[in-house]
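293 is the number of the first residue of the sequence shown in this note's numbering; add one for each residue after it. We put the CB at the ideal spot given by N, CA and C, even for glycine.
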Amino acid sequence: MRELRALEPDFWRAPSAHNTQPWTLTYGDDEVAVGWDPDRALPISDPTGRDLRLSLGAFVECCLIVCADAGLGVAFRPDPGPRRVGFLHAAARPYETPFTTADVRARGANRGEYHPGRLPEEVAAGLTGLRRVACRDLADLLHAADLHQFGDREVTRELRAWLRLTRRHRRYLLDGLSDRALSLTRLEALGLRASLALYPALRRLGLPRVLAGASRGLLDYDGDVLVLVGPPEEEMEAGRALMRHWLTLSGLGYTTHPLSQIIDCERTRRELADRLGVDDPCSLLHVARVGRPKAPAAPSARLRD
C-alpha cells in the first residue's frame with residue numbers, strides 16, 4: 293500500500309472534463325477502492341455521468357500502467373457501489389501494457405492551433421471504436437453546440453466555476469481550466485473573465501453568440517475529429533480504451549482537444565449520429581479533434597502536484 297501511495301502523483305495525470313479530477317482512492321488492508329467525489333462531478337453539464345465514468349475509466353488505466361511500470365502486480369476489479377466503481381488489488385503479475393509512466397506524463401490536451409493534415413490511414417485504423425471525421429464537416433455542429441452551451445445560464449455558471457483565468461485565482465495550481473491550458477493570451481483571458489462576470493446582464497444582448505463565435509474558425513482547416521462510439525453501459529471500459537488511444541497518439545506526436553459539447557447538446561448529438569450512420573445517439577461517448585500542435589501546451593494543474 294505504501295508503494296501504491298507513492299505512485300499517486302502519476303495516477304492523477306489522467307484526463308477529466310474541466311480538469312475536475314473527480315477520482316478518489318480509499319485504502320483498505322489489501323485493496324483500494326476507486327471512487328469519486330460528488331463535489332467534483334458536473335451535474336449540470338454532465339447530468340448522465342458519461343464524462344465522469346469516462347474519466348474514471350481513464351484514471352483506472354493510468355493507475356494500472358503506472359503500477360506496471362513500477363513492477364507492481366496490480367489489477368482492477370469492477371464492483372460498482374455508492375460513489376465507487378471498483379477496486380485495485382494485488383495480482384500475480386503486473387498489468388500487460390506497452391505504455392509507461394513516461395507516456396502518462398507526456399500526454400496532454402492541446403487547445404491551440406494544429407498543423408493541417410489528416411491522420412495516416414494506418415494510424416486511424418488502429419484506433420478501435422473511434423470514427424474519423426474531417427474537421428470542416430463538423431464546424432457547423434460545433435458552433436451550434438457552443439451557442440447552446442453559452443446560452444444555458446446554469447451550464448455557463450458551472451463552467452465558470454472551473455475556469456482559472458488569472459494566476460491570482462486561489463486554485464490556479466490545483467485544478468480546473470487555466471488560461472494557459474486554454475491557450476488564451478492575457479488579453480483574451482481578461483476579456484473572457486469580464487464577459488462571464490457580466491453574463492446575467494449581457495446574456496439577452498447576445499453574449500452567448502459572441503462567446504460561441506470565438507470557436508467559429510477552430511475547425512476550419514484540413515484535419516480530423518475523432519468520435520468514440522460504444523455501448524453507453526460500458527462507459528468505464530470505454531474510458532480505459534480512450535486513455536490507451538490517447539497514449540498511442542501522444543507517442544506518435546499527436547495531441548487531442550476535447551469537443552464533447554457537440555454531444556452534450558441533444559440536437560447536435562442527433563445530427564452527428566445521423567451523419568455517422570449511428571442508430572443510437574447515446575452511443576456517441578466522446579468527441580475530440582486530433583493533430584500535430586503548432587506549439588506545446590502548458591500542462592494542466594493537478595491536485596497532487
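Could you check what DSSP says for residue i in three-state terms: helix, strand or coil?
i, result
"T477", "coil"
"T448", "helix"
"R424", "strand"
"V570", "coil"
"G291", "Residue 291 cannot be examined here, being either before or after the span of the chain that is shown, 293 to 597."
"H537", "helix"
"P504", "The sequence given here has Ala at residue 504, not Pro. In this structure, A504 counts as helix in the three-state DSSP scheme."
"F351", "helix"
"A401", "strand"
"Y491", "helix"
Could you work out which residue in the options is closest to residue i when comparing CA atoms only?
i, options, result
"E413", "G404, R403, N402 and V425", "V425"
"T392", "Y546, T548 and M535", "M535"
"A481", "R459, R495 and L465", "R459"
"S507", "P408, G404 and C355", "G404"
"T420", "R584, E295, R561 and A530", "A530"
"L474", "E323, D302, S592 and E295", "S592"
"R445", "P500, A416, T477 and L411", "P500"
"L576", "Y319, P370, A416 and Q553", "Q553"
"C427", "V415, Y406 and G418", "Y406"
"P301", "R397, P523 and A333", "R397"
"F368", "A589, G409 and D322", "D322"
Taking a contact to mean a Cβ-Cβ separation below 8 Å, would you say residue i touches residue j in this structure?
i, j, result
"V579", "I555", "yes"
"L520", "L434", "no"
"L541", "V517", "no"
"D338", "A306", "no"
"V326", "V377", "yes"
Determine contact between the segment 523–537 and the segment 438–456, defined as no fewer than three beta-carbon pairs at a distance below 8 Å. At 8 Å Cβ cutoff, the stretches do not touch.
Give a yes or no on contact between the segment 481–492 and the segment 448–462, applying the rule of three or more CB pairs nearer than 8 Å. The segment 481–492 is in contact with the segment 448–462.
Specify whether the segment 465–478 and the segment 342–355 touch according to this definition: at least 3 beta carbon pairs, one from each stretch, less than 8 Å apart. Segment contact: the segment 465–478 against the segment 342–355, fewer than three CB-CB distances shorter than 8 Å; contact not assigned.
Should the segment 328–338 be called in touch with the segment 311–318, which here means at least 3 C-beta pairs below 8 Å? At 8 Å Cβ cutoff, the stretches touch.
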